[in-house]
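Going down the list, the sequences are from chains A, B, C and D.
Quick note: to get this note's numbering, add 25 to the position in the first sequence (first position is 1).
Quick note: to get this note's numbering, add 25 to the position in the second sequence (first position is 1).
Quick note: to get this note's numbering, add 25 to the position in the third sequence (first position is 1).
Quick note: to get this note's numbering, add 25 to the position in the fourth sequence (first position is 1).
Single-structure report; data block below.
Protein chains: 4
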Amino acid sequence: MDYYYAPGRNHLFVPGPVNIPEPVLRAMNRNNEDYRSPAIPAFTKTLLEDVKRIFKTTSGTTFLIPTTGTGAWESALTNTLSPRDRIISFEIGQFSLLWIDQMQRLNFDVDVVSSEWGRGANLDVLSAKLAQDKEHKVKAVCIVHNETATGVTNNLAAVRRVLDDCGHPALLLVDGVSSICALDFRMDEWGVDVALTGSQKALSMPTGMGIICASPKAMEAAKSAKSLRVFFDWNDYLKFYKLGTFWPYTPSIQLLYGLRAALDLLFEEGLNNVFARHARLGRATRLAVEAWGLKNCSQREEWYSDTVTAVIIPPYINSADIVKRAWNRYNMSLGLGLNKVAGKAFRIGHLGNVNELQLLGCLSGVEMILKDVGYPVKLGSGVAAAAAYLQHSIPLFASRV
Amino acid sequence: MDYYYAPGRNHLFVPGPVNIPEPVLRAMNRNNEDYRSPAIPAFTKTLLEDVKRIFKTTSGTTFLIPTTGTGAWESALTNTLSPRDRIISFEIGQFSLLWIDQMQRLNFDVDVVSSEWGRGANLDVLSAKLAQDKEHKVKAVCIVHNETATGVTNNLAAVRRVLDDCGHPALLLVDGVSSICALDFRMDEWGVDVALTGSQKALSMPTGMGIICASPKAMEAAKSAKSLRVFFDWNDYLKFYKLGTFWPYTPSIQLLYGLRAALDLLFEEGLNNVFARHARLGRATRLAVEAWGLKNCSQREEWYSDTVTAVIIPPYINSADIVKRAWNRYNMSLGLGLNKVAGKAFRIGHLGNVNELQLLGCLSGVEMILKDVGYPVKLGSGVAAAAAYLQHSIPLFASRV
Amino acid sequence: MDYYYAPGRNHLFVPGPVNIPEPVLRAMNRNNEDYRSPAIPAFTKTLLEDVKRIFKTTSGTTFLIPTTGTGAWESALTNTLSPRDRIISFEIGQFSLLWIDQMQRLNFDVDVVSSEWGRGANLDVLSAKLAQDKEHKVKAVCIVHNETATGVTNNLAAVRRVLDDCGHPALLLVDGVSSICALDFRMDEWGVDVALTGSQKALSMPTGMGIICASPKAMEAAKSAKSLRVFFDWNDYLKFYKLGTFWPYTPSIQLLYGLRAALDLLFEEGLNNVFARHARLGRATRLAVEAWGLKNCSQREEWYSDTVTAVIIPPYINSADIVKRAWNRYNMSLGLGLNKVAGKAFRIGHLGNVNELQLLGCLSGVEMILKDVGYPVKLGSGVAAAAAYLQHSIPLFASRV
Amino acid sequence: MDYYYAPGRNHLFVPGPVNIPEPVLRAMNRNNEDYRSPAIPAFTKTLLEDVKRIFKTTSGTTFLIPTTGTGAWESALTNTLSPRDRIISFEIGQFSLLWIDQMQRLNFDVDVVSSEWGRGANLDVLSAKLAQDKEHKVKAVCIVHNETATGVTNNLAAVRRVLDDCGHPALLLVDGVSSICALDFRMDEWGVDVALTGSQKALSMPTGMGIICASPKAMEAAKSAKSLRVFFDWNDYLKFYKLGTFWPYTPSIQLLYGLRAALDLLFEEGLNNVFARHARLGRATRLAVEAWGLKNCSQREEWYSDTVTAVIIPPYINSADIVKRAWNRYNMSLGLGLNKVAGKAFRIGHLGNVNELQLLGCLSGVEMILKDVGYPVKLGSGVAAAAAYLQHSIPLFASRV
């Protein structure tokens with residue numbers, strides 16, 4: 026049974042959950058297994074090891090927690106910090122805002138650095154605050170790598186430099202939910218202490234697995250962190266890692282096999298090729314937006330996201346109508362504008378297991394919808410702009426030549 | 026394991042096998058079952074009944090044979106005709122040619138009426154031949170409803186009129202492989218005696234089931250037809266229909282459930298809506314071809330196919346390069362030109378469970394490929410032409426408004 | 026890829042995760058969908074309503090949280106209680122122990138009532154404690170309905186009576202992880218305030234969904250409970266229920282469809298028939314254990330579990346060898362003895378979507394293994410005892426007669 | 026949707042179609058693909074090569090035809106023989122009878138050598154007939170390796186010896202439908218000219234693929250054979266083999282991937298281990314039958330089949346009642362007695378991807394059913410006899426120790 030059937034494939038262009046490739050679906054099409062047999066621990070061990078590659082870390086410790094991104098956030102905070110610890114965090118859009126809300130409700134003392142939505146994290150303010158914090162009361166800097174609501178990517182290398190320049194020991198906790206496996210992510214090089222993502226984003230799996238990586242420094246912090254936690258407690262995981270049984274409670278067997286398949290696809294394509302593909306998709310989308318005469322919510326090229334583009338529309342159009350129209354006429358799913366940009370923006374997710382012709386199909390649909398809702402766009406203009414770029418940048422598939 | 030993996034969805038635009046919708050894949054994801062239990066016969070009975078709707082027949086007898094379209098052809102011929110029987114058939118492209126080849130090798134006496142490829146069946150010649158055949162030596166007229174190689178649809182109502190005008194009793198055997206479930210097909214109204222299709226075409230299933238419908242007149246002929254046959258023998262099926270066990274040999278349980286799901290989707294969308302969708306997709310494709318300055322292999326509007334478009338390209342381009350390029354750069358599958366139009370045409374299949382944005386993605390890819398291979402197309406031009414039409418013709422999904 | 030392949034079906038007889046029926050696997054075999062489209066909220070609404078039937082409640086509020094049973098425990102505690110609140114809980118086996126450990130680590134004041142493992146909750150002690158608690162300092166009584174480690178089922182109606190007899194207002198929080206959908210569970214009748222289970226138990230789904238039901242009294246408590254929580258916060262869910270979008274964060278689309286299929290199967294079989302089937306399987310297992318001359322860890326008939334049987338073996342055998350042997354010779358998965366009964370007991374899970382012949386296959390395997398490891402069992406004896414009972418108690422399938 | 030749902034797994038013990046292992050189901054869970062792309066021919070090539078191993082041939086030519094066993098029979102006959110050619114064939118049960126019926130209807134001159142059902146092919150008669158045939162009018166000897174109706178396995182090495190002893194050049198055509206991939210089959214060693222099986226038998230796939238292997242001598246015969254054929258014509262396949270495109274018409278993409286997975290499983294287990302497993306299952310079944318005091322339809326040990334056992338029951342019981350009872354009470358599927366043994370025998374299929382505990386579950390069910398229908402069996406007796414043997418013969422899984 027499906028709700029509200031429509032013919033042909035659903036064009037899923039929300040910035041998560043994203044399209045699941047067939048090999049992942051196939052891998053997950055299986056009965057449950059006893060997770061206490063010798064098989065699942067041996068399998069888990071290879072996953073915990075291989076998943077480090079998506080973080081570009083060799084020193085990190087990885088956790089595969091049966092939860093969502095929101096749970097992964099909670100895991101990162103409660104395992105490394107104690108009640109009333111001071112955090113600096115950046116509000117640049119809806120998801121950074123939700124994380125800050127979580128920090129506050131979990132009883133941390135959050136110093137919020139806000140930017141206009143559409144701009145990146147204000148690192149000058151960070152720099153100033155850290156410089157002032159001679160006593161190192163700030164225990165953590167929390168930042169969203171890619172703000173999914175506005176299509177803004179923060180510069181993590183720059184954040185690291187600010188911390189280093191101040192010689193500040195605060196932990197660096199990073200939400201990589203809509204970046205990891207799509208944008209280059211260098212945990213060790215950037216000195217990230219906790220990085221996290223969710224299975225339903227660029228890994229292109231179903232929702233249900235929080236993938237978390239902790240640096241040695243974060244692991245050290247976890248020993249003394251006083252935040253209450255049981256379900257999310259890394260120490261329980263560590264206990265079972267040592268026992269070699271790996272799981273403090275029942276994992277989803279299906280998601281483990283799904284992760285194996287998802288990693289295999291990423292490694293087969295090559296992570297750098299995956300990043301290049303996302304760069305192409307992002308740029309193609311922006312060229313279409315420009316051709317339509319519309320504005321990217323992300324204000325500057327340095328912040329442009331290659332995984333999601335939030336498109337600002339004229340005030341006489343409600344972006345919710347665009348999303349609704351996509352759904353009830355073209356079997357396409359676009360992202361709504363959220364909170365401060367509700368009604369003002371719609372979002373095109375271009376992350377995960379998706380290719381150029383899928384995107385062009387989406388863009389051709391957006392053009393029709395824009396006309397449907399009264400925006401004077403020239404049909405074909407965005408597609409033409411995107412295609413002119415793609416035609417010169419898509420490589421041949423090495424394996425198929 | 027996949028051969029030659031490429032990221033994102035494969036854009037499958039060959040005129041069969043076509044995209045399988047998820048509900049059909051789901052229905053087929055199952056273990057084998059005992060086909061002699063009470064369940065499978067009861068299930069089969071509903072399928073044999075419901076499948077009549079795709080032929081628009083109430084008087085026909087249906088067969089679901091574990092074979093392909095080629096086997097379905099053989100079934101139609103050997104069950105209704107005897108060795109050396111005279112057949113009139115039309116050669117208008119590769120598939121009609123292959124069927125004629127089969128007729129000849131099965132020892133029928135075939136009177137071939139050839140047309141230039143790109144033109145439909147010459148009904149004037151048919152009329153003349155039937156008029157001359159006072160002794161009714163012609164036992165069957167065999168015609169391909171939609172020639173997949175050239176994108177030509179024959180007018181079956183007109184064929185019927187010719188037969189009726191001559192008062193000729195020949196059987197009318199129709200290959201509906203690339204038409205049934207996509208183009209309107211009226212078995213009873215048009216007096217078709219045997220109609221057939223394959224599961225991998227507009228039914229949008231895997232290959233492996235030949236769906237055949239025989240009129241009472243064809244069933245009568247089957248009683249006396251002397252062509253040797255066992256595997257394809259309808260009489261064996263009839264014997265088991267009477268017993269209520271329905272199967273002379275083992276059917277594919279998975280395809281039975283797949284057929285159920287496929288029929289349910291067609292009926293949920295509504296057959297007339299399905300035909301209208303194919304009409305939209307066909308016209309949109311032709312508008313793009315026109316915008317590119319290229320020619321439809323199908324020479325006249327009366328013959329335009331709404332399930333496949335064969336596009337003639339300039340002599341300085343080899344159409345095989347276009348198909349290859351689609352595959353090794355864009356993860357798209359287009360149809361080759363076959364036999365007389367090899368190298369000269371490529372084919373876009375737009376049948377089965379596919380929608381407008383999928384087609385526009387395909388058209389945007391074709392534009393890039395045309396440029397890649399040196400044809401001076403304006404990027405976006407075909408998409409714009411197709412979208413301009415589609416924007417005014419796609420209806421809202423009734424269920425989603 | 027599978028780890029350590031063995032031919033034929035794996036005989037999965039651990040008390041969770043359990044066998045997933047094909048209709049559930051099929052329902053879950055699907056791409057992601059936009060959970061903010063109109064479809065998913067409409068779908069969720071029916072699920073939240075229908076899932077009440079498995080709790081036998083009309084007044085409860087249901088939550089489908091992307092977590093495991095451990096997370097569901099945490100959700101129950103943190104939403105209804107405040108730090109240092111007093112809880113009475115029963116330690117009767119490993120899972121009740123783990124829940125108590127969670128309570129303590131979440132900073133509640135737990136009054137632990139221990140029983141010898143193999144016995145049920147000591148309700149006399151409960152009665153005494155509640156009677157003494159004139160000031161109603163005890164805020165909650167927490168009990169595991171069915172202790173999976175020992176195969177002991179507690180009598181929830183009796184617990185309710187104790188509370189009522191004392192006129193005590195404490196909340197009654199119940200772990201129904203290995204009971205709900207297998208043993209009769211009457212939330213409203215028994216005055217349960219929070220009941221919870223996990224998808225991979227008697228619902229026969231993959232792991233990943235905590236299913237929680239809260240009484241009006243529990244919902245009232247949730248308004249003032251001061252335990253820190255975000256991911257597990259019911260109030261966030263309520264906010265989105267009111268908005269009609271239902272999800273504070275991304276659910277697993279696949280598990281939602283899986284739940285639909287799982288509920289449909291339970292309702293088609295009939296919940297009372299499901300309970301009767303589990304009663305048959307439980308009794309058949311116990312008859313086999315008796316025939317083998319072995320002891321049930323559960324000491325009295327009143328506590329016998331119909332979902333899992335822990336079998337005590339002679340001291341000269343290590344039960345881990347039985348479990349290992351099952352796996353490396355018979356492709357069968359049995360449960361280990363845990364903690365206090367490690368080495369001393371092995372467990373047969375007989376819950377979820379499983380039938381009598383599957384169980385008899387399992388029992389025949391256990392007989393061989395017992396001989397393998399040196400226990401002098403008569404082959405066929407347990408199967409005969411179980412079959413003698415089953416032969417007279419299995420009903421015909423109503424639909425198949 | 027399922028017809029007549031019953032809880033737990035269906036116990037599928039008909040001698041085909043058999044249980045499909047999950048890796049095969051997973052491999053087949055996929056969209057259609059363009060079979061004219063470079064991928065499918067490359068993939069097909071490896072399949073045509075690897076499938077030779079199941080025939081133990083290096084010199085044979087293999088065909089994967091979208092049909093059933095009945096179609097594979099027709100393919101074997103029509104490609105190697107001409108109308109009125111003389112065939113010697115053996116009637117020893119329903120399937121050999123059906124093949125003979127096909128031979129006759131295809132206009133061959135069949136010399137039928139009948140045995141009492143329950144006995145193997147009478148090779149003395151064969152020997153005498155061949156010795157008399159000085160002019161070599163007999164063009165083929167056709168034999169069913171394993172007669173599925175009676176559970177009789179013929180000795181192919183002995184057949185070869187008879188042919189060799191007479192120096193007779195007749196082709197040896199073998200139906201290996203219920204033997205190949207379960208019983209040792211040595212095409213080259215035994216000088217088999219055409220061997221064939223169907224995908225739904227010991228390969229443990231869905232129905233729909235006829236797997237055929239032809240010796241060089243058979244291939245030579247195919248050049249001159251005058252039987253009419255198109256769909257089944259090997260020469261059409263050969264033409265496409267030479268072109269490197271491999272398919273004269275559309276194959277089932279799903280079955281190709283399913284075959285890959287099925288072969289991989291067989292090779293991973295090891296063909297000799299597969300044969301040994303079937304030998305164990307066959308013997309265990311026969312020991313149970315003996316313990317029940319019932320007779321094997323197969324009259325002598327030399328003919329006992331390790332893939333199917335037909336059990337003769339006392340005249341006061343109708344075997345159809347046993348099969349019905351299995352289905353409507355135990356969710357088990359057993360084989361009916363066919364034709365001459367209708368009502369007198371029921372059949373237990375023990376072939377394909379099945380293991381010992383599955384069989385013991387089946388046997389325990391049969392015991393209950395026998396009592397249900399009034400046969401005085403001691404419950405547990407058959408299981409005990411089978412288990413006593415299995416306990417000493419099942420090996421540990423090498424990979425799991």
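Using N, Cα and C, we set each Cβ at its ideal position, and we do this for glycine too.
Q) Thinking C-beta only, is D:N35 closer than 8 Å to C:R425? A) No.
Q: State the start and end residues of the unbroken alpha helix (DSSP H) segment that holds B:A67.
A: Counting along the chain, the unbroken alpha helix (DSSP H) around B:A67 starts and ends at 64–75.
(Q) For a minimum of 3 consecutive residues, which ranges assigned as the beta strand (DSSP E) are wholly contained in the stretch 213–241 of chain C? (A) Within the stretch 213–241 of chain C, the complete beta strand (DSSP E) segments of 3 residues or longer fall at 219–223, 235–239, listed in chain order.
**Q.** Rounded C-alpha distance that separates A:E170 from A:N179
**A.** In the sequence on display, residue 170 of chain A carries His and not Glu. For A:H170 and A:N179, the distance between alpha carbons rounds to 5 Å.
Q. Buried or exposed: where does D:A345 fall if 16 or more other Cβ atoms within 10 Å of its Cβ makes it buried?
A. D:A345 should be labelled exposed.
Q) Does any C-beta atom of chain A lie closer than 8 Å to the C-beta of B:F292? A) Not closer than 8 Å to any Cβ of chain A, the Cβ of B:F292 fails to qualify, so no.
Q. Who are the neighbours of C:K51 on chain B, taking C-beta pairs under 8 Å?
A. Before going further, note that residue 51 of chain C is Arg rather than Lys in the sequence given. Those within 8 Å of C:R51 in chain B are R51, A52, N54, R55.
(Q) I'd like to know whether the C-beta atoms of A:Q225 and A:G96 end up nearer to each other than 8 Å. (A) Not closer than 8 Å, so no.
Q: Taking B:E58 as the query, report the chain C residues whose CB atoms sit under 8 Å from its CB, ordered along the chain.
A: Neighbours of B:E58 across chain C, judged by C-beta separation under 8 Å, do not exist; the nearest C-beta is about 10 Å away.
Q | Where B:L281 falls: helix, strand or coil (DSSP) | A | The three-state reading of DSSP puts B:L281 in helix, counting H, G and I together.
Q.
With H, G and I counted as helix, E and B as strand and the rest as coil, what does DSSP make of B:E172?
A. For B:E172, the secondary structure class from DSSP, reduced to helix, strand or coil, is strand.
Q: Could you check how far apart the C-beta atoms of C:L50 and A:N54 are, in whole angstroms? I think they sit under 8 Å.
A: That pair is a contact at about 6 Å.
(Q) Which same chain residues end up closer than 6 Å to D:N364 when comparing Cβ atoms and leaving out the 5 residues on each side of it in sequence? (A) Closer than 6 Å at the Cβ level, and outside the excluded window around D:N364, lie Q119.
(Q) With three or more beta-carbon pairs closer than 8 Å as the criterion, would you say the stretch 406–421 of chain C touches the stretch 76–88 of chain C? (A) Three or more beta-carbon pairs separated by less than 8 Å are not found between the stretch 406–421 of chain C and the stretch 76–88 of chain C, which leaves the two stretches without contact.
(Q) Counting only beta-carbon separations shorter than 8 Å, does D:M244 have a partner in chain C? (A) No, D:M244 does not count as interfacial toward chain C.
Q: Please classify D:Q157: is it buried, with 16 or more other beta-carbons within 10 angstroms of its beta-carbon, or exposed?
A: Per the 10 Å Cβ criterion, exposed.
Q | Buried/exposed call for B:N44, threshold 16 Cβ in 10 Å | A | B:N44 comes out buried.
Q. Cα-Cα, which of C:A243, C:T275, C:E326 is closest to C:I65?
A. Looking at the Cα atoms, C:T275 is the closest of the given residues.
**Q.** C-beta atoms of B:V333 and B:H375 nearer than 8 Å
**A.** A Cβ-Cβ contact shorter than 8 Å links B:V333 with B:H375.
**Q.** Euclidean distance between Cα positions of D:I342 and D:D397
**A.** Straight-line Cα distance between these residues: approximately 11 Å.
Q) Just by C-beta distance, which residues in the stretch 65–96 of chain B are closer than 8 Å to chain F? A) The displayed structure is made up of protein chains A, B, C and D, and chain F is not among them.
Q. By Cβ distance, which residues of its chain are closer than 7 Å to D:F422, with the 5 residues on each side in sequence left out?
A. Counting only Cβ-Cβ distances below 7 Å, and skipping sequence neighbours, we find nothing.
Q: Compare the C-beta of C:F256 with all C-beta atoms of chain A and state if any pair is closer than 8 Å.
A: The beta carbon of C:F256 sits closer than 8 Å to some beta carbon of chain A.
Q | Backbone CA spacing between C:N356 and B:A52 [nearest angstrom] | A | So the alpha carbons of these two residues sit roughly 28 Å apart.
Q.
Can you tell me whether C:M26 is helix, strand or coil according to DSSP?
A. At C:M26, the pLDDT of 46 sits below 50, so the modelled position is not reliable; the number obtained from the coordinates is stated separately. Coil at C:M26, not helix or strand.
Q.
Please report the distance separating the alpha-carbon of D:M230 from that of A:K251.
A. Computed Cα separation, rounded: 56 Å.
**Q.** 6 Å Cβ shell around C:A207 - same chain, five flanking residues per side excluded
**A.** Cβ neighbours of C:A207 beyond the five flanking positions: A227, H303, T332, L376.
Q: State the beta-bridge partners of C:V366 as determined by DSSP.
A: C:V366 pairs with nothing; no bridge assigned.
Q. From what residue to what residue does the alpha helix (DSSP H) around A:R350 run?
A. Taken as a continuous stretch (DSSP letters only), the alpha helix (DSSP H) holding A:R350 covers 344–354.
Q) CA-CA distance, C:D213 and C:T87? A) Their backbone Cα atoms lie some 13 Å apart in a straight line.
**Q.** Between the CA atoms of A:L197 and D:Y29 - distance to the nearest angstrom
**A.** Cα to Cα, D:Y29 sits roughly 58 Å from A:L197.
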